[in-house]
Amino acid sequence: MSRSVSVVVPVYRSASMLPTLYARIKAVLDPLVTDWELILIDDASNDGTFDVILSLRNEDARVKAIRFARNMGQHSATLHGLRRSKGDCVVTLDDDLQNPPEEIPRFIARLDDGYDLVIGRITNEKKHSFFRNLASQLVQNLICRILGKPRSLALSSYRCMSSRAAKGMSAYSGAHAYMPALMFGAVPQDRICNLDVEHHARMDGRSHYTLRKLLKLSSYLVVNHSSIPLRFVTAWGIFLSLASVVYAGFVVLDVLVSGSSVRGWPTLVVLLSFLSGSILMGMGVLGEYIGRLVVESSYRGQTAVFEEHL
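Numbering-wise, my numbering comes out as the position in the sequence shown, counting from 1, plus 1.
Take a look at the structure:
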């Protein structure tokens, strides 16, 4: 095959798995193409992982080593790898060997069918915890609603794309990278397809995706790529306004019809607490949007690159 291939792998505290990952990718690509590269982006592991990457590079110059000064997250690391890739087709996969590299030729073959983005669809049950799988399913549903992803199209971090698709995604220079949003913004939906692949158990250790990180990543989708929180606050404000008018009418009728005295103190305390909480919630949502605008406007660089060996 005359085309060139770039494999982009975001890396975080996976030193023990990298030699095996490299060996398996090399065994797949050497017979397949004459020109390939493996781009390993160390997302500020700070545990010796980058030393292992450098040793792989000393062994094989086709291994490209990139190190971040601070942890930027998997999506930012992947995006930077796309920006540094030089291949005609670009493959992205995780560093934990849950994505079998042996599937790469099948991905490339689908590109030859005329697609620009091929996404792995997990056919067996993902080897994650119940709560991780549940969170992933909720995020998939949000992506359908916000980004217009067809429900028949599954998402995963195992992908293969054309160089023009990679360049289109790499054009993003903001502070909050979210790969699904970049994919659907750069590639027409009719040029995207799925490829059935298996999902293996981690070779070593456990996933570094905590609930906090998943929630933070989900906030990029909900806040940066939609106005759902703002619309919710608007709807909530309208509901409270109507409810207050109804309650005021009830109080007036109660006084006029039954002549009962207005129960002031308890009602006032409850209403003030409720309305104050609602106002603070609305201010919090607005503050989140304003804060992210400030970050975007003052951002000095898309990634915190400390060193690169390309």
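Each residue gets a CB set at the ideal place from its N, CA and C atoms; glycine is no exception.
DSSP lists Leu-196 as the beta-bridge partner residues of Gly-121.
For Pro-20, the three-state secondary structure derived from DSSP is helix. When the Cα atoms are used, Leu-222 and Ile-144 turn out to be separated by approximately 8 angstroms. Counted as a single uninterrupted DSSP element, the stretch harbouring Ala-66 is not any alpha helix (DSSP H) but the beta strand (DSSP E) occupying residues 64-69. If you look at His-81, you'll find it isn't in any beta strand (DSSP E); it sits in the alpha helix (DSSP H) that goes 75-85. Val-34 carries a coil assignment under DSSP once its states are collapsed to helix, strand and coil. With respect to Ile-40, Ser-77 sits apart: the two C-beta atoms are not nearer than 8 angstroms. In the DSSP assignment, Glu-60 falls within the unbroken alpha helix (DSSP H) covering 50-60. Leu-148 sits close to Ala-182, with the two beta carbons spaced by under 8 angstroms. Taking a C-beta distance under 8 angstroms as the contact criterion, Val-53 and Leu-22 do not qualify as a contact pair. Collapsing the DSSP output to three states places Val-188 in coil.
Residue Leu-80 holds the alpha-carbon nearest to the alpha-carbon of Met-184 among Leu-80, Glu-309, Arg-71.
About 5 angstroms separates the Cβ atoms of Ser-46 and Tyr-13, confirming a contact at the 8 angstroms cut-off. Here Met-162 is bridged, per DSSP, to Val-91, Leu-118. Taken atom to atom, the span from the alpha-carbon of Leu-243 to that of Leu-276 is near 13 angstroms.
Secondary structure of Pro-151 (DSSP, three-state): coil. Ser-17 sits exposed, since fewer than 16 C-beta atoms from the chains shown fall within 10 Å of its C-beta.
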